[in-house]
Amino acid sequence: DHRPLWSFLDAWRGEPTTALVDMAGPSRPPVSWSRLAGVVDAMAVGLVRLGVRPGDRVSMMVTPGLDLTAALYACLRIGAVVVVADAGLGVTGMTRAVRAARPDWVVGMAPGLTVARAQGWPGRRISVSTLSAPLAAALGVEDSLYRMAAAHAGHRYADGDAGPVHEPAAQDPAAILYTSGSTGPAKGVVYTHGRLSALAALLRDVFDVRPGSSLLAGFAPFALLGPAIGATSITPDMSVTRPATLTATAVAEAAAAGRATILFASPAALRNVVATADRLSPDQRCVLGRVDLVLSAGAPVHPHLVAQVARIFPAAEIHSPYGMTEALLLADIDRPTIEHLADPTAGGTEDGVCVGRPVGPVRIAIAPLRDDGSAADELLEGPPAAGRLGEVVVSAPHQKAGYDRLWLTDALSRRDARDGLQWHRTQDVGHLDAEGRLWIEGRLQHVVTTPAGPVAPGGPEARIDALDAVLRSAIVGVGPQGTQAVVAVVEAAGSPGGRRIRTGLAPTGLTAAVREAALPVPVAAVLVTDRVPVDIRHNSKVDRTRLARWADGVLAGGRVHAP
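Heads up: the sequence shown is residues 103 to 665, going by the working numbering.
Below is the structure:
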């Protein structure tokens with residue numbers, strides 16, 4: 103049994119209240135639930151009449167907003183499988199992803215369809231807007247979503263206006279979402295209707311999302327969940343591929359337009375909101391004072407950032423959910439817990455960043471690390487897992503059904519069998535504390551294998567990041583596996599007098615401070631760079647693999663350049 107993702111659209115199809123506000127593109131009026139439901143139905147009828155069938159894969163090359171939301175829910179309604187590879191992957195990454203997914207159809211705007219044509223992507227073409235006949239012919243476009251919405255206005259898919267009605271089952275595939283590619287080539291993650299429905303239900307329950315809530319999504323694709331959880335979706339004015347472009351003014355304007363009650367944004371986006379908050383007018387600050395929930399995910403949220411965000415959103419609860427593309431909500435930590443654990447008088451001695459306790463039906467186990475940095479086959483839960491460093495292994499009703507056409511990767515990620523459940527090996531490294539809270543200490547492939555045993559980067563990084571002289575840090579291993587030296591790469595806050603610290607070996611004082619902060623982990627060398635490279639999707643996850651190659655070259659006497 104599952105609640106269809108379009109159930110709120112069906113229930114509220116006569117409602118004049120706002121379902122969607124798009125501040126990112128050309129100025130458009132707010133879209134009501136009634137209009138959104140009508141457009142979704144018209145597009146669903148049009149897609150079926152064009153030839154889209156249940157199980158067909160439809161690649162979406164559409165920017166977030168009304169067009170993408172309507173097209174996505176129309177495809178879900180008729181049983182097509184939506185393929186979402188966001189623009190942050192770049193042309194090369196998207197081409198690799200789309201070719202791997204082998205879509206039957208590609209839906210896009212003219213620029214995206216031009217790339218699809220040039221790169222030879224598979225799939226029949228559908229444009230968003232109606233193109234001129236010569237351009238449509240040049241791009242191989244057969245129809246447009248706008249023409250479907252106009253031609254089939256007033257038609258209902260559920261009434262059989264497109265022929266026999268297909269009702270997707272819980273086990274039917276619904277979407278293929280691509281990972282960010284920050285730790286290797288992006289992987290396609292398959293979700294079924296039942297698993298996406300379970301995710302929507304969990305979001306509603308964990309964060310008490312009630313009908314009439316309004317979700318302002320600083321990570322634009324997250325806005326697509328709005329109709330599934332019964333919330334108004336608001337897309338702010340920002341670059342889809344650069345979360346750090348979100349400003350406080352853009353948040354305030356979007357919040358006012360959609361009466362936002364919930365904000366979702368990555369830590370990088372929130373840092374820029376804080377940095378630009380001095381431009382807010384008194385009225386805009388009043389609008390932000392009505393937001394009652396701030397969610398930040400994609401990377402750990404520093405306690406100092408939490409305190410700054412709380413001043414901008416004084417009435418909001420602040421939470422940092424933990425998850426990944428393969429399982430979008432696994433654990434959660436709130437502001438009081440973050441601040442308590444950051445208090446030096448609390449006596450905390452845990453390594454890494456606390457991401458909270460498992461939510462709802464989620465189970466979290468630890469596969470202890472071996473001396474060579476690999477994860478053991480055994481799984482530990484409860485008291486036996488406390489304090490044991492290992493790979494985080496999870497089981498949840500809403501996690502992925504599998505990786506798309508990556509059979510070996512899929513088999514390795516789900517090789518555990520316990521209690522008849524499907525488990526997923528996350529490749530995150532961490533531990534559970536005595537109170538059952540999860541602490542993340544990095545990625546499995548970033549574990550440094552020293553002669554004394556494996557070292558996860560998250561613990562020493564958290565201590566180094568607490569230094570006033572450091573903006574961000576990364577712990578990497580240099581040398582052969584099993585005998586690696588620990589190297590700290592830091593993005594420095596600057597030197598006294600405002601002079602920039604030169605890229606390369608860190609000054610003596612900074613080196614000493616970093617080494618002391620990292621203890622008991624011995625740091626062999628400290629390097630400085632202008633900017634620590636991060637992932638494209640959230641601008642938050644440190645690219646340690648790239649930094650390790652750079653550090654190896656610098657310490658070997660190579661030319662010093664930016665990583």
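For glycine and all other residues, C-beta sits at the position ideal for the given N, C-alpha and C.
Values in this document were obtained by computation on a predicted structure and should not be read as measured data.
Contact under 8 Å by Cβ, residue i with residue j
i, j, result
"Val-457", "Ala-433", "yes"
"Leu-649", "Ala-576", "yes"
"Gln-386", "Ala-354", "yes"
"His-295", "Pro-270", "yes"
"Val-588", "Ala-536", "no"
"Lys-289", "Leu-514", "no"
"Val-208", "Ala-199", "no"
"Ile-336", "Val-311", "no"
"Val-580", "Asp-654", "yes"
"Gln-547", "Gln-529", "yes"
"Leu-318", "Ala-357", "yes"
Span separating the alpha-carbon of residue i from that of residue j
i, j, result
"Val-396", "Ala-608", "37 Å"
"Ala-182", "Gly-283", "25 Å"
"Arg-617", "Val-591", "11 Å"
"Pro-224", "Leu-382", "47 Å"
"Pro-553", "Ala-477", "17 Å"
"Gly-522", "Val-389", "49 Å"
"Leu-259", "Val-164", "Here residue 259 is Tyr; the residue named in the question, Leu, does not match the sequence. Rounded to the nearest angstrom, the two C-alpha atoms are 23 Å apart."
"Leu-326", "Thr-551", "41 Å"
"Gly-561", "Asp-567", "10 Å"
"His-533", "Val-495", "11 Å"
"Lys-643", "Ala-370", "10 Å"
"Val-578", "Arg-661", "19 Å"
"Asp-632", "Gly-544", "22 Å"
"Asp-570", "Ala-595", "7 Å"
"Gly-504", "Glu-483", "23 Å"
"Pro-598", "Ala-377", "For Pro-598, the predicted model reports a pLDDT of 49, less than 50, meaning its position is unreliable and no value from the coordinates is stated."
"Leu-215", "Arg-227", "8 Å"
"Arg-516", "Ala-277", "19 Å"
"Pro-166", "Ala-658", "46 Å"
"Ser-341", "Ala-264", "37 Å"
"Pro-236", "Val-243", "10 Å"
"Ala-467", "Ala-488", "10 Å"
"Ile-440", "Ala-239", "56 Å"
"Ala-159", "Gly-492", "The residue asked about is misnamed: residue 159 is Arg in this sequence, not Ala. When rounded, the distance between both Cα atoms is 37 Å."
"Gly-462", "Arg-306", "11 Å"
"Gly-195", "Pro-287", "8 Å"
"Arg-459", "Val-147", "44 Å"
"Gly-140", "Leu-178", "15 Å"
"Pro-405", "Ile-435", "12 Å"
Segment limits, alpha helix (DSSP H) that includes residue i
i, result
"Gly-175", "Checking the displayed sequence, the identity of residue 175 turns out to be Tyr instead of Gly. First-last of the alpha helix (DSSP H) with Tyr-175: 168 to 180."
"Glu-543", "No alpha helix (DSSP H) contains Glu-543, which is instead part of the beta strand (DSSP E) from 540 to 545."
"Tyr-248", "247 to 253"
"Leu-372", "369 to 377"
"His-406", "405 to 414"
"Glu-419", "From DSSP, Glu-419 is part of no alpha helix (DSSP H) but of the beta strand (DSSP E) over 419 to 426."
"Ala-619", "610 to 620"
"Gly-262", "From DSSP, Gly-262 is part of no alpha helix (DSSP H); its letter is neither H nor E."
"Pro-132", "Element bounds for Pro-132: n/a, residue is neither H nor E."
"Glu-537", "Unbroken run through Glu-537: none, as it is neither H nor E."
"Leu-647", "A small fix is needed here, since residue 647 is Thr in this sequence, not Leu. Where Thr-647 is concerned, the enclosing alpha helix (DSSP H) stretches over 646 to 657."
"Thr-351", "350 to 360"
"Thr-511", "509 to 515"
"Val-193", "192 to 203"
"Ile-566", "560 to 567"
Continuous beta strand (DSSP E) stretch holding residue i: start and end
i, result
"Trp-223", "First-last for Trp-223: undefined, no H or E at that position."
"Ser-398", "395 to 398"
"Pro-556", "555 to 557"
"Ser-161", "159 to 163"
"Ile-278", "275 to 280"
"Ser-234", "Element bounds for Ser-234: n/a, residue is neither H nor E."
"Val-389", "Taken as a continuous stretch (DSSP letters only), Val-389 belongs to no beta strand (DSSP E), being part of the alpha helix (DSSP H) at 384 to 390."
"Glu-593", "587 to 594"
Minimum Cβ-Cβ distance from residue i to chain C less than 8 Å
i, result
"Arg-361", "Annotation note: the requested chain C is absent from the structure, which comprises a single protein chain."
Expected contact under 8 Å - CB spacing of residue i and residue j to nearest Å
i, j, result
"Val-403", "Thr-363", "Contact doesn't hold; Cβ gap of about 20 Å is too wide."
"Gly-606", "Val-572", "With a Cβ gap of about 16 Å, Gly-606 and Val-572 do not count as contacting."
"Pro-582", "Arg-646", "So it is not a contact: roughly 18 Å between Cβ atoms."
"His-257", "Ala-144", "6 Å"
"Gly-320", "Leu-348", "5 Å"
"Val-557", "Val-623", "6 Å"
"Ala-173", "Leu-279", "At roughly 16 Å, the Cβ-Cβ gap does not stay under 8 Å, so Ala-173 and Leu-279 are not in contact."
Pick out the complete beta strand (DSSP E) segments inside the stretch 307 to 333, 3 residues or longer, and give them in chain order.
Taking only runs of at least 3 residues, the beta strand (DSSP E) segments lying wholly in the stretch 307 to 333 are 316 to 319.
In chain order, which beta strand (DSSP E) runs of at least 3 residues are fully inside the stretch 439 to 504?
455 to 460, 465 to 470 and 492 to 497
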